[in-house]
Amino acid sequence: MALKTQNDNYEVKTQEIAQQILANTQESRSFFAALRDQMRWDDKLLGWTMGNPGLRVQLFRFIDTLPALHSKVEIASHLQEYLGDDSVELPPALKSLLNFAYPDSMPGQVAATTVETAVQTLAHKYISGENIQQVIKTVERLRKEKMAFTIDLLGEAVITEIEAQSYLEKYLELMQHLVEASKKWQHIPIIDEADGEILPKVQVSVKLTAFYSQFDPLNAEGSEAKVSERIRILLRRSRELGAAVHFDMEQYAYKDITLKILKKLLLEEEFRQRTDIGITIQAYLRDSKEDVQGVIDWLKQRGYPLTIRLVKGAYWDQETIKAAQKHWDQPVYNDKVATDANFEAITQLLLENHQYVYSALGSHNVRSQARAIAIAESLKVPRRCFEMQVLYGMGDKIAKALVDKGYRVRVYCPYGDLLPGMAYLIRRLLENTANSSFLRQNLENRPVAELLAPPIVEETPSRENPTEDFIGAADIDYAEEQKREDSRLAFEQVRQQLGKTYLPLINGEYVNTTTIIDSLNPSDFSQVVGKIGLISVEQAEEAMKAAQAAFPHWQKTPVPQRADILRRAANLMEIRRAELAAWIVLEVGKPVKEADAEVSEAIDFCRYYAQEMERLDGGVVYDVAGETNRYIYQPKGIAVVISPWNFPLAIACGMTVAALVAGNCTLLKPAETSSVITAKFTQILLEAGIPKGVFQYVPGKGSQVGAHLVNHPQTHVIAFTGSQEVGCRIYAEAAIVKPGQKHLKKVIAEMGGKNAIIVDESADLDQAVVGVVQSAFGYSGQKCSACSRVIVLQPIYETFLNRLIEATKSLNIGAAELPSTQVGPVIDGQAKTRILEYIEMGKKEAKLVLQLESPSQGYFVGPVIFADVPPQGAIAQQEIFGPVLSVIPAPDFDRAVEIANSTNYALTGGIYSRTPSHIEQAKRELEVGNLYINRNITGAIVARQPFGGFKLSGVGSKAGGPDYLLQFLEPRTITENIQRQGFAPIEGAD
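The sequence shown begins at 1 in the UniProt record's numbering and counts up one residue at a time.
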């Protein structure tokens, strides 16, 4: 009851203070309301977006692209492409401005100049300066208005270690200049002192991820070591200068590790007594209140207060999209009201603990600020212990009203070039124009009672993406410490099982073999992962006979029963996913995150194909009066699956369970270098209840056992993934009808690619460089979908190449099981030799610009980049299957597409572009089975990006797609005349 009474008192006071602040900002209403009528184009653009969602999206996309455009003609052209979209209803003034026939015409130049100037003006409203001198002028103006500041350096995404070091050096320089300038500033009591304590005049805000280009929660210890080293340098210098440092919070994935690093660092002896340091908490996160309580408890132990800056949060769209794509729980609240309520709750928690923590409350919502003041005044919180914060250019009127009431106000001031600052600008524009924005609601003259009403929460957590018919397995989120510990324990468990022998499974029994080979860890080839028994041709014949014997019963097994076996297998893999990932890491050298994603793919194949077979079961009805017509499916017979080593679980599983659920008895012959993993998959199928003889695990020599099964007259389907050479040979051999064979064999073959990514002059180079590096060097380039060619348009060729080289240099190369590793080994010595031969070939054809050293113990090949590669050169045409990337210049986009299409392959491809016409052209003309736009080109997901190509990349339907199972089935039509003596049953009659 006492708490309720207290909150009621807070509410009365909140309303009183809020109305006072709002009254002092009334002129801002008339200012905003006049936006649409003013002649300034920057105000007009912002005003128009509030009433036109289509214009808002396209205009913001254009603004995002603008810094990459280098001429008025390019700007005019992109204006027409973006704003001429059918979704955009243009205001008359804008329609008139864009009414030009040619981008290089005078009206086109006028339009380009007008809009470019307007966007620059908009940017300068939210960005406090493009250099330190401009920033100093801005903060001196703020100080005259009795406002403190904190400076945030905008910058390109830190994707290289050179950029991370530069980030640190720029902050050291920034603090130096600001402190020097501050020596001339007059003392302003309201912001420079509190309760007798002198406060630092200078404060900077920094982001942890910018201190290390490979910052990754999976590599928590390595990231902490790299980041902490640079933070110490920053904090030591800030102490010498007398400047304060605040640590910003970024995406949710980095939250826990950020808090852990800062808590540990700020307990070190040289920093423990510092009180001029701050940490940020984002109220839109569901676990933020718990985090605040954790920081308060930690501060009680520390013994010296720090600042918590409480903000609503700036990455809502990104967080919700990522969670939906990953099938993770939403980390953020689904609506603004819940965030506002949480902000108020955390505000109260902070102020009630003011003896342990200083509060910095950042919001442009008058109610949120008033609530904080009401609580602070009721609790008699000392002025040193709290301050109000606003963003530069967004909360001017509120800030002035708060200053007039005697409160310390700090303005968050980003600075930097417009190019790297554009992402920040877009976030600010989104906030300003969002329906839920307090500033927008104030603009729209909402009733005061509505604006200041308490936030009442009525929401339920949401996880699943409603647009998806099939919900895939969620990859492990290694930002969670427990998940990292589960992975570590799985490796311990797997290492205790190394060196065991795995025998073939024939007719439900494990059988001995005369030949046993070692499967080695490619990261350390002295380590035997397992011993594999290889079958003989005679044993292969036994397996075939067992499959033939089991087929009649299996084909009659009802589809739901077959599907249930797949679902049980999926559930078992879900339970054992950390262990299975560890086996993949150790046997084929795939880094941990990618191994985990492969387990997800295998699980998805089981569940998706079970669902698809149930959809196909029963066929299609084409009845007419007096006649029934049924279109049904039946299994083909015996399927031989020949799986590769690079996706030893996912592809082996996908091809196998597709054949099985369709009613075919199946023989799985895995690659020799990955047979331990397929042995584990075999164990899972047995535990899931696969009947005796229906599935056979038959590891053996491809040239002997594989050839025998391909040529066997009782083989009906061959599902193969591997090299073009072997795939073409299988295709040719399968076409020959053998004695006793009464059918034509169906071949499903995926045979690799020579995949290209095009980067044009409008591309977001932060995205493009990261995407190309991931696509080219992820799993050491040993994916059929990997990027082995990047075709770059001439205007940005050198800039892109330089950043690509530095980003690649920053990658960690090492044993696949190490959490820091991004580039592990290649599969074996033969692969290493072949790749090195291609590298020598490339040195004769092109310019070697990077060849990284790699560990000697293991089959390692460091990433290699060739520049100025001729499009028809061997390294640009032949599949290398290793970490070798060819960079090819192109004079224009048409030529880039021509180069991309110049190989015999057509598997995956990509484009990084913000030019709509280029994107549309790529959709029409790029000869690839899977086209990826403005993202990396690897990592296809079942039922989302069905995978497969054409030309010499393969034959057959896409894996993980709606027509994949049809390849394992024979369609039949059954027609029955149901008339008897001129009458027929009438459907629905009694």
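Ideal Cβ positions, reconstructed from N, Cα and C, are used throughout, including at glycine. Note that the structure is a prediction, hence the values are computed from the model and not measured.
Cβ neighbours of Val928 in the same chain (closer than 6 Å, five flanking residues each side left out): Ala906, Thr908 and Gly909
Using C-beta distances below 6 Å, list every residue in its chain close to residue 997, excluding the 5 sequence neighbours before and after it, in chain order.
Any property of residue 997 remains undetermined from this structure, which presents the chain solely from 1 to 990.
Check your understanding: Which residue spans inside the stretch 223-279 form an unbroken alpha helix (DSSP H) run of at least 4?
Key -> 255-265
Using 10 angstroms around the beta-carbon of Met573, count the other beta-carbons present and answer buried if the total reaches 16, otherwise exposed.
-> buried
task = Using a threshold of 9 Å, state whether the C-beta atoms of Glu81 and Pro916 are closer than that.
result = Against a cut-off of 9 Å, the Cβ pair of Pro916 and Glu81 comes out as a contact.
Among the candidates Lys746, Val585 and Ala563, whose CA atom is the shortest distance from the CA of Asp604? Ala563
Task: DSSP three-state assignment for Thr721, whether helix, strand or coil - done: strand
- According to DSSP, is Asp404 helix, strand or coil? helix
*Can you tell me whether Arg980 is buried or exposed, with buried defined as 16 or more other CB within 10 angstroms of its CB?*
exposed
Applying the criterion that 16 or more other CB atoms from any shown protein chain within 10 Å of the CB defines a buried residue, is Phe695 buried or exposed?
buried
| Cα-Cα, which of Glu344, Tyr912 and Leu235 is closest to Leu172? | Shortest Cα-Cα distance from Leu172 to any of Glu344, Tyr912 and Leu235 involves Leu235.
### Val529, enclosing beta strand (DSSP E) - first and last residue
DSSP places Val529 in the uninterrupted beta strand (DSSP E) bounded by Asp524 to Leu534.
Per-residue DSSP class, three states only, for Asn507 | Here Asn507 sits in coil by DSSP.
Closest residue to Ala543 among Thr501, Glu587, Arg143 and Ile638 (Cα-Cα distance)
Relative to Ala543, the option among Thr501, Glu587, Arg143 and Ile638 whose CA is nearest is Ile638.
| Hey, is the stretch 160-171 in contact with the stretch 212-220, meaning 3+ C-beta pairs nearer than 8 Å? | yes
- Item | Beta bridge counterpart(s) of Val588 as assigned by DSSP | None, per the DSSP bridge assignment.
Alpha carbons only, please: which of Ile791, Ala625 and Leu686 is nearest the one belonging to Ile978? Ala625
Put Tyr609 into one of helix, strand or coil per three-state DSSP. Reduced to three states, the DSSP call for Tyr609 is helix.
Q.
Measuring alpha carbon to alpha carbon, tell me which residue in Ile937, Lys144, Ala959 and Gln857 is nearest Ile828.
A. Rather than Ile, the amino acid found at residue 828 in this sequence is Asp. Answer by Cα proximity: Gln857.
Count the CB pairs spanning the stretch 705-717 and the stretch 636-654 that are closer than 8 Å, and state whether there are at least three. yes
- prompt: Going by the beta-carbon positions, is the gap between Phe950 and Pro883 smaller than 9 Å?
  reply: no
According to DSSP, is Ser762 part of a helix, a strand, or is it coil? coil
Fill in: Boundaries (first-last residue) of the beta strand (DSSP E) holding Met394
It is not in any beta strand (DSSP E) - Met394 carries neither H nor E in the DSSP assignment.
_Whole angstroms are fine: how far does the CA of Ser675 sit from the CA of Ala707?_
The alpha-carbon of Ala707 is positioned some 18 Å away from that of Ser675.
Option nearest Ala473 by Cα separation, candidates Asn571, Phe247 and Leu361: Comparing Cα-Cα distances from Ala473 to each of Asn571, Phe247 and Leu361, the minimum goes to Asn571.
What are the uninterrupted segments assigned as alpha helix (DSSP H) that are 4 or more residues long and contained completely in the stretch 647-723, given in chain order?
650-661, 675-688 and 707-711
Neighbourhood of Ile61 by C-beta distance below 8 Å, restricted to the same chain and skipping five residues each side
The residue asked about is misnamed: residue 61 is Arg in this sequence, not Ile. Excluding residues within five positions, the ones whose Cβ falls inside 8 Å are Tyr82 and Arg914.
* Asked: Taking Tyr633 as the reference, which of Ser643, Pro971 and Glu11 has the closest Cα?
  -> Pro971
Between Val511 and chain D, is the shortest Cβ-Cβ distance under 9 Å, so that the two count as touching? Judged by its chain identifiers, the structure shown contains no chain D, having just a single protein chain.
* To do: Under the assumption that Val411 contacts Ile398 (Cβ atoms under 8 Å), give the Cβ distance between them as a whole number of angstroms.
  => Their Cβ separation, rounded to whole angstroms, is 11 Å, which puts Val411 and Ile398 out of contact at 8 Å.
- [ ] Kindly indicate which three-state DSSP category Cys385 falls into: helix, strand or coil?
- [x] In the structure shown, Cys385 sits in a helix (DSSP, three-state: H, G or I).
Put Arg789 into one of helix, strand or coil per three-state DSSP. strand
Notebook entry, point to check: If we call anything under 9 Å between Cβ atoms a contact, is Leu969 one with Leu498?
Noted result: Contact: no.
message: Suppose you measure from the CA of Gly693 to the CA of Tyr859; what does that come to, to the nearest Å?
response: 38 Å
From Asn342, Pro871, Leu299 and Gly362, pick the residue whose C-alpha is nearest to that of Ser902; which is it? Pro871
(Q) Could you check whether Asn812 and Gly222 sit closer than 9 Å to each other, using their CB atoms as the reference points? (A) yes
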